[in-house]
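Heads up: the protein sequence lines correspond to chains X and L, in order. Here the first sequence is numbered in my numbering, starting from 1 and rising by one per residue. Here the second sequence is numbered in my numbering, starting from 165 and rising by one per residue. By construction, the Cβ of each residue, glycine as well, lies at the ideal position given by its N, Cα and C atoms. What you are looking at is a predicted structure, and each value in this text was computed from that prediction instead of being measured.
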Amino acid sequence: MPQVSLTVNGKQHSVEVEGRTLLVELLREKLALTGTHVGCDTSQCGACVVHVNGMAVKSCTMLAMQAEGAKVTTIEGLAAADGTLHPMQEMFREHHALQCGFCTPGMVMTAIDLIQSHPQGITEEQIRDGLEGNLCRCTGYHNIVKAIAAAWPLMHGKTAQAAE
Amino acid sequence: MGFEGIGASVRRKEDRRFLRGQGNYTDDINRPGQTYAYIRRADRPHARILRIDTAAAAASAGVLAVFTGADIAADQLGGIPCGWQIHNKDGSPMAEPMHPVIATGKVRHVGDPVAVVVAESRQHAKDAAEKLVIDYEDLPAVATMRDAIAPGAPLVHDDAPGNQCYDWHIGDREATEAAFARAAHVVKLDLLNNRLIPNAMEPRAAIGEFDSNSGDYTLYTTSQNPHVIRLLMGAFVLHIPENKLRVVAPDVGGGFGSKIYHYAEEAIVTWAAGKLMRPVKWTAERSESFMSDAHGRDHDSTAEMALDADGKFLALRVRTLCNMGAYLSTFAPCVPTYLYATLLAGVYATPAIYAEVRAVFTNTVPVDAYRGAGRPEASYLLERLVDVIAADTGIDRIKLRRMNFIPADAFPYQTPVALQYDSGDYVATLEAALKQADFAGFPARRAAAKAAGKLRGIGISTYLEACGIAPSAVVGSLGARAGLYEVANIRVHPTGSVTVFTGTHSHGQGHETTLAQLVCSQLGVPMEQIEVVHGDTAKIPFGMGTYGSRSLAVGGSAMVKAMDKIIAKGRKIAAHLMEASVEDVTFEDGAFKVAGTDKSKTLTDVSLAAYVPHNYPIEELEPGLEETAFYDPKNFTYPGGCHICEVEIDPDTGVTRVVNFTAVDDVGRVINPMIVEGQVQGGVAQGIGQALLENAVYDASGQLLSGSMMDYTMPRADNLPNITVGTESTLCTHNPLGVKGCGEVGAIGSPPAVINAVVDALSEFGVRHLDMPASPQKIWSIIEAARGRMAAE
Chain X
1 MPQVSLTVNG
11 KQHSVEVEGR
21 TLLVELLREK
31 LALTGTHVGC
41 DTSQCGACVV
51 HVNGMAVKSC
61 TMLAMQAEGA
71 KVTTIEGLAA
81 ADGTLHPMQE
91 MFREHHALQC
101 GFCTPGMVMT
111 AIDLIQSHPQ
121 GITEEQIRDG
131 LEGNLCRCTG
141 YHNIVKAIAA
151 AWPLMHGKTA
161 QAAE
Chain L
165 MGFEGIGASV
175 RRKEDRRFLR
185 GQGNYTDDIN
195 RPGQTYAYIR
205 RADRPHARIL
215 RIDTAAAAAS
225 AGVLAVFTGA
235 DIAADQLGGI
245 PCGWQIHNKD
255 GSPMAEPMHP
265 VIATGKVRHV
275 GDPVAVVVAE
285 SRQHAKDAAE
295 KLVIDYEDLP
305 AVATMRDAIA
315 PGAPLVHDDA
325 PGNQCYDWHI
335 GDREATEAAF
345 ARAAHVVKLD
355 LLNNRLIPNA
365 MEPRAAIGEF
375 DSNSGDYTLY
385 TTSQNPHVIR
395 LLMGAFVLHI
405 PENKLRVVAP
415 DVGGGFGSKI
425 YHYAEEAIVT
435 WAAGKLMRPV
445 KWTAERSESF
455 MSDAHGRDHD
465 STAEMALDAD
475 GKFLALRVRT
485 LCNMGAYLST
495 FAPCVPTYLY
505 ATLLAGVYAT
515 PAIYAEVRAV
525 FTNTVPVDAY
535 RGAGRPEASY
545 LLERLVDVIA
555 ADTGIDRIKL
565 RRMNFIPADA
575 FPYQTPVALQ
585 YDSGDYVATL
595 EAALKQADFA
605 GFPARRAAAK
615 AAGKLRGIGI
625 STYLEACGIA
635 PSAVVGSLGA
645 RAGLYEVANI
655 RVHPTGSVTV
665 FTGTHSHGQG
675 HETTLAQLVC
685 SQLGVPMEQI
695 EVVHGDTAKI
705 PFGMGTYGSR
715 SLAVGGSAMV
725 KAMDKIIAKG
735 RKIAAHLMEA
745 SVEDVTFEDG
755 AFKVAGTDKS
765 KTLTDVSLAA
775 YVPHNYPIEE
785 LEPGLEETAF
795 YDPKNFTYPG
805 GCHICEVEID
815 PDTGVTRVVN
825 FTAVDDVGRV
835 INPMIVEGQV
845 QGGVAQGIGQ
855 ALLENAVYDA
865 SGQLLSGSMM
875 DYTMPRADNL
885 PNITVGTEST
895 LCTHNPLGVK
905 GCGEVGAIGS
915 PPAVINAVVD
925 ALSEFGVRHL
935 DMPASPQKIW
945 SIIEAARGRM
955 AAE
């Protein structure tokens with residue numbers, strides 16, 4: 001079986017995979033990183049979003065072998081070593097942006113990319129558009145949108161007013 | 165640390181693990197030596213199975229076993245049981261055909277399990293399943309309810325003539341007919357309640373395990389009620405005694421009703437684990453979820469209201485045809501009867517009601533309770549009918565509602581359809597919502613929209629639900645084959661921390677937080693010293709799980725009772741420690757005090773004494789501080805409220821945008837406002853989804869067309885508005901917390917508010933009603949047709 005080498009959450013791995021193995025299967029089944037979820041089979045739900053070389057990617061749409069040499073970050077890699085949550089995780093908690101928690105890892109990973117790619121500020125409409133690839137069945141998105149807006153100043157080191 | 169008890173928006177305890185990817189969902193669990201099951205499902209709606217050739221699949225790499233219906237029959241497994249029996253008008257029981265674990269003889273819906281491959285890996289199992297050769301003889305299918313009741317229709321089950329499950333009724337037929345005979349107006353409306361697919365984000369999964377040393381079975385499953393699964397599967401399907409069967413429902417990624425039921429896959433993996441002596445895991449792919457999770461709604465109704473000359477409701481007559489699908493799912497028969505027709509009074513003092521409900525089998529996925537279950541169908545029917553009455557009679561829709569409301573001083577109020585409401589104030593929620601939504605300012609907003617070429621409409625629904633399910637004796641007399649009490653065990657540990665073992669189950673509702681707040685308030689224990697345990701039959705007492713907004717009203721009440729017992733025992737221990745009489749010992753703010761003195765013992769002093777009983781009234785009192793209480797509710801609870809939806813329609817595309825949504829609900833006492841708001845918002849999102857986007861579609865042959873997330877329109881962030889939530893509470897009078905429930909109100913109140921808004925926006929085109937979902941295509945066609953008519957005139 002072919003071998004794929006990649007860095008996941010700062011750790012180097014070299015894993016045997018089938019040619020057809022998906023990145024999400026590698027993460028969940030070979031590396032036991034079960035925080036990344038599978039919610040559909042048509043790349044619609046976004047529960048499996050991780051960062052590949054800093055960009056949000058649905059890990060069910062990518063073969064494990066395509067991640068050769070890549071730096072992958074999953075939900076497990078976000079909090080600091082001392083347990084301090086990433087500002088996006090903290091805002092999701094503060095604003096009750098999760099209920100069952102199943103879509104949450106993908107939602108948080110998408111949200112971080114969204115905020116990083118909007119350094120000049122972000123509107124509610126842009127946030128809602130940016131979440132187009134992530135489904136949540138519990139929250140109605142209301143609090144997710146609020147949490148992401150609240151994370152913008154924290155991630156860009158600005159005062160709260162800057163986001164408004 | 166600020167105030168964390170009842171009424172505080174405490175941030176959730178469970179979030180820390182979910183936010184770090186440390187949740188423990190069923191598919192995250194892997195057992196040593198685990199194998200994988202893949203289920204080959206029927207690709208056609210109705211066919212005789214002529215032959216299944218398993219040879220190639222069995223010889224495929226990594227395959228351990230291939231099972232078919234013949235193997236299930238050989239082991240004499242029972243069918244999947246139904247938990248509710250309805251009786252026909254003539255008193256005879258409903259038709260209750262066999263539901264085999266794996267199809268035998270015939271397949272009855274697309275998705276019916278036909279064969280199971282168990283292999284060393286998921287890929288091996290799936291590859292092998294492709295090699296199964298199945299010969300079918302296709303049979304004509306009934307795809308819709310109308311097809312099913314047509315004379316000479318093909319039969320889904322030979323033992324259900326006319327494809328009828330039951331023909332049931334409720335209410336006073338004579339009184340209703342008499343009222344219609346003397347009515348000044350009669351307003352009639354035909355309406356459909358569209359079929360929905362629940363789509364919790366976590367697909368169902370199950371792992372069966374067998375310990376050959378002890379003979380113990382364990383099932384890990386995505387369930388809202390592990391004890392119910394243990395009872396149904398153990399007693400009726402696999403014949404495993406309860407002491408040998410453990411069911412674990414770990415973190416569950418949403419349910420909305422769809423994970424209440426006992427599903428075939430749970431029995432398959434448990435049974436296969438025993439045969440193979442290895443754990444067997446199955447995880448649904450989403451396309452399997454679409455064709456195997458119970459669907460929701462699917463009613464076809466006619467409603468008629470008799471009115472006097474002033475617009476007072478005299479009588480309501482309803483005829484509903486409802487879809488059971490191909491087999492009876494666990495709660496299916498009760499949904500269109502006791503969860504639907506009993507709610508047809510709604511918030512109105514209609515003196516006479518008569519409803520007839522006919523349930524039919526079709527070659528479609530079984531239909532069962534989905535968020536709200538029967539009550540959204542009732543509220544949609546009523547609140548659409550009331551708006552149509554207003555339009556037909558010219559009476560203002562708000563005035564019409566007000567004049568027919570059950571007045572706030574009329575409680576307890578006995579409806580003509582069995583229920584007795586305990587409390588409510590429908591004017592209060594209506595007025596709060598009108599204010600919150602700036603109803604008075606709507607004409608200006610409509611004019612502005614018109615100037616911009618848009619059609620703006622506003623819709624109101626004043627709805628009611630019955631939840632907090634349910635008084636056991638009452639539901640027993642109505643056909644339930646289970647009691648619906650709840651149970652809690654409260655364990656105060658020696659050093660004063662507390663573990664709650666609850667029979668309810670959290671799959672997004674935040675019980676680990678809300679239930680802990682009850683303990684924080686009643687026993688004065690800090691939140692971080694309280695643990696809530698749920699979802700494992702080896703740990704928790706026999707409880708009925710979570711659905712029907714019952715966890716607080718029923719489960720929370722059991723906790724209050726158990727804590728009352730803790731306090732009662734604690735007072736005796738404290739009296740001994742402080743050499744006082746028990747009558748003089750009070751408990752407040754986490755301490756036992758002797759009235760009129762400064763003597764005081766903390767809960768920790770008492771718990772330590774209880775577990776280290778050196779100085780202890782050991783002759784009169786057992787050591788330890790742990791109590792269990794069962795609570796059987798005296799009545800249902802009756803949340804209600806007013807939802808107001810404002811939409812803007814682009815007449816050139818037919819696209820409807822919800823621009824404002826306001827919900828003011830009476831959910832009784834609020835324990836955690838943040839969580840209540842989140843529950844309502846989520847429910848409203850599903851209601852807007854039903855009204856505008858979602859629809860389970862079968863073609864005429866019985867193929868499921870909306871069988872993936874590419875075909876079934878799930879609401880996305882850019883489809884939904886911000887949802888303003890308020891509460892305007894009256895207290896439930898018959899449970900100790902005064903709580904009513906908030907899990908379903910959003911999905912019950914919102915669909916009619918949305919459609920009333922859409923119809924209002926389209927009023928200039930003469931639209932009286934349109935069925936859900938109000939898709940752009942449907943609206944565009946209506947506008948185009950009306951424009952054509954107008955041009956011709």
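Query - N- and C-terminal bounds of the beta strand (DSSP E) containing residue 765 of chain L - result: For residue 765 of chain L, the uninterrupted beta strand (DSSP E) run begins and ends at 764-766, by DSSP.
Looking at chain L, which residues of the stretch 122-150 of chain X have a Cβ within less than 9 Å of any of its Cβ atoms?
Considering only beta carbons, the part of the stretch 122-150 of chain X lying closer than 9 Å to chain L consists of 124, 125, 127, 128, 129, 130, 131, 132, 133, 134, 135, 136, 137, 138, 139, 140, 141, 142, 143, 144, 145, 146, in chain order.
Q | Identified DSSP bridge partners for residue 824 of chain L | A | Bridge partners of residue 824 of chain L: L:810.
Reference residue 893 of chain L; option with closest CA among L:882, L:905, L:900
Out of L:882, L:905, L:900, L:905 has the C-alpha closest to the C-alpha of residue 893 of chain L.
Q.
With a threshold of 8 Å between beta-carbons, can residue 154 of chain X be considered close to chain L, or not?
A. Residue 154 of chain X does not count as touching chain L.
Along the chain, which unbroken stretches of the alpha helix (DSSP H) at least 4 residues long are found entirely within the stretch 637-715 of chain L?
Runs of the alpha helix (DSSP H) inside the stretch 637-715 of chain L: 675-687.
Exercise. Taking the alpha-carbon positions, what's the residue 145 of chain L to residue 546 of chain L distance?
Worked result: Not covered by the structure: residue 145 of chain L. The range shown for chain L is 165 to 957.
Quiz item: When you compare only the Cα positions, how much space is there between residue 97 of chain X and residue 749 of chain L?
Solution: Distance from the CA atom of residue 97 of chain X to the CA atom of residue 749 of chain L, rounded to whole angstroms, is 44 Å.
Requested in this report: Specify, as a first and last residue, the run of the alpha helix (DSSP H) that residue 277 of chain L falls within.
Outcome: No alpha helix (DSSP H) holds residue 277 of chain L; the beta strand (DSSP E) holding it covers 277-283.
For the stretch 278-319 of chain L, which segments carrying the alpha helix (DSSP H) assignment without a break, of at least 4 residues, lie completely within its bounds, in sequence order? The qualifying runs are 286-293, 309-313.
For a contact defined as C-beta to C-beta under 7 Å, what are the partners of residue 45 of chain X on chain L?
Residues of chain L passing the Cβ test: 365, 873.
- prompt: Which value, in whole angstroms, describes the spacing of the CA atoms of residue 940 of chain L and residue 876 of chain L?
  reply: Cα to Cα, residue 940 of chain L sits roughly 15 Å from residue 876 of chain L.
- Task: Report, in whole angstroms, the separation of the C-beta atoms of residue 916 of chain L and residue 625 of chain L, which I expect to be a contact under 8 Å.
- Result: Right, their Cβ atoms sit about 4 Å apart.
Worksheet item: Taking contact to mean at least 3 C-beta pairs separated by less than 8 Å, is the stretch 264-279 of chain L in contact with the stretch 487-498 of chain L?
Response: Yes, they touch.
Where residue 706 of chain L and residue 653 of chain L are concerned, what is the direct C-alpha to C-alpha distance, given to the nearest angstrom?
Rounded to the nearest angstrom, the two C-alpha atoms are 10 Å apart.
Check your understanding: chain L partners of residue 105 of chain X, CB-CB under 7 Å?
Key -> Within 7 Å of the CB of residue 105 of chain X, the CB atoms of chain L belong to 185, in sequence order along the chain.
_Can you tell me whether residue 376 of chain L is buried or exposed? The criterion is at least 16 other CB atoms within 10 Å of its CB, across all chains shown._
Around the C-beta of residue 376 of chain L, fewer than 16 other C-beta atoms lie within 10 Å, and the residue is accordingly described as exposed.
- prompt: With 8 Å set as the bound, which would you pick, yes or no: does the beta-carbon of residue 807 of chain L sit closer than that to a beta-carbon of chain X?
  reply: It does not: the Cβ of residue 807 of chain L has no partner Cβ on chain X nearer than 8 Å.
Between the alpha carbons of residue 325 of chain L and residue 523 of chain L, how many angstroms are there, rounded? Taking the straight line joining both Cα atoms gives about 12 Å.
> Whose C-beta lies closer than 8 Å to the C-beta of residue 207 of chain L among residues of the same chain, with five residues either side of it excluded?
Replying inline: The residues are 274.
Q) Could one say the Cβ of residue 34 of chain X lies closer than 8 Å to chain L's Cβ atoms, at least one of them? A) So yes, residue 34 of chain X belongs to the interface.
From the DSSP output, in three-state form, read off residue 273 of chain L for me. Residue 273 of chain L falls in the coil class under three-state DSSP.
| task | Taking C-beta pairs closer than 7 Å, name the residues in chain L that residue 82 of chain X reaches, listed in chain order. | result | Here the premise fails: no neighbours, minimum Cβ distance about 13 Å.
Practice problem: Can you have a look at residue 137 of chain X and say buried or exposed, based on whether 16 or more other CB atoms are within 10 angstroms of its CB? | Solution: Classification for residue 137 of chain X: buried.
| query | Taking only beta-carbon atoms, is residue 118 of chain X less than 8 Å away from chain L? | reply | No - not a single Cβ of chain L is within 8 Å of the one on residue 118 of chain X.
Would the beta-carbon of residue 722 of chain L fall within 8 Å of that of residue 795 of chain L? Taking 8 Å as the Cβ cut-off, residue 722 of chain L and residue 795 of chain L qualify as a contacting pair.
Backbone CA spacing between residue 310 of chain L and residue 52 of chain X [nearest angstrom]: Each residue's alpha carbon lies about 52 Å from the other.
Tell me, to the nearest whole angstrom, how far the beta carbon of residue 643 of chain L is from that of residue 250 of chain L; I am working on the premise that it is less than 8 Å. The distance from the Cβ of residue 643 of chain L to that of residue 250 of chain L is about 5 Å, consistent with a contact at the 8 Å cut-off.
Closer than 8 Å to chain L by CB, residue 98 of chain X: True, the Cβ-Cβ gap to chain L drops below 8 Å.
- Message: With a threshold of 8 Å on Cβ separation, who are the neighbours of residue 934 of chain L within its own chain once the five nearest residues in sequence on each side are excluded?
- Response: Annotation for residue 934 of chain L: 919, 922, 923, 926, 942, 943, 946 place their beta carbon closer than 8 Å to its own, counting only its chain and skipping 5 residues before and after.
In chain X, which residues lie with their C-beta within 9 Å of the C-beta of residue 371 of chain L?
Those do not exist, as residue 371 of chain L stays about 14 Å from chain X at its closest Cβ, beyond 9 Å.
Margin query: Strictly under 8 Å for the Cβ-Cβ distance: is residue 937 of chain L near chain X by that measure?
Written below: With a threshold of 8 Å between beta carbons, residue 937 of chain L makes no contact with chain X.
Original post:
Apart from the five residues on each side of it in sequence, which residues of its chain come closer than 8 Å, Cβ to Cβ, to residue 317 of chain L?
Top reply: Excluding positions up to five away in sequence, the list reads 306, 311, 326, 327.
Q: Please determine, among L:797, L:883, L:866, the residue with the shortest C-alpha to C-alpha distance to residue 821 of chain L.
A: Of the listed residues, the one whose Cα sits closest to residue 821 of chain L is L:883.
ask   = Less than 8 Å separating the beta-carbons of residue 810 of chain L and residue 953 of chain L?
value = Not a contact, by the Cβ cut-off of 8 Å.
Measuring only between beta-carbons, confirm whether residue 887 of chain L sits less than 8 Å from chain X. Yes, contact with chain X.
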